[in-house]
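Only one structure is covered here, and it is reproduced in the block below.
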Amino acid sequence: MYICICHAVTKRQLLTAIDNGARTMRELRQQFDLCNSCGKCGPDIRCTLAEAMARAEPSQAPVTETPGEVASV
Ligand code: FES
């Protein structure tokens, strides 16, 4: 799936770059020349980066519950 249509960059390419060490929007933008045309890809790139980082480093994921807290049903 294309994330940046202007530069024909796919989600797979972004995930590979993240696997290879890219950790910021700046790194991804520099590597793929993203967001410098229409800029519509910015939110999707940010989302892809956040999801990949949460999967790769669970300790970096946003905390939604206090550790040890049991959700009430
Ligand atoms: S979709 Fe990425 S710059 Fe246009």
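Residue 1 is where the sequence shown starts when you use the numbering used here, and the numbers rise one by one after that. Cβ atoms here follow ideal geometry from the backbone N, Cα and C, with glycine treated the same way. Just so you know, these numbers come straight off a predicted model, no measurement behind them.
- For ALA17 against GLN31, the beta-carbon gap comes to about 6 angstroms, under 8 angstroms, which counts as contact.
- It is roughly 11 angstroms from the alpha-carbon of LEU15 to the alpha-carbon of CYS47.
- Burial check for ILE45: the Cβ neighbour count within 10 Å reaches 16 or more, so the residue is buried.
- With a cut-off of 7 angstroms, the C-beta of LYS40 is classified as near the ligand FES, since at least one heavy atom of the ligand falls inside that distance.
- Where CYS4 is concerned, there is no enclosing alpha helix (DSSP H), although the beta strand (DSSP E) around it starts and stops at 2-4.
- Where ASP19 is concerned, the enclosing alpha helix (DSSP H) starts and stops at 11-19.
- If you draw a 10 Å sphere on the C-beta of ALA22, you find 16 or more other C-beta atoms in it, and that means buried.
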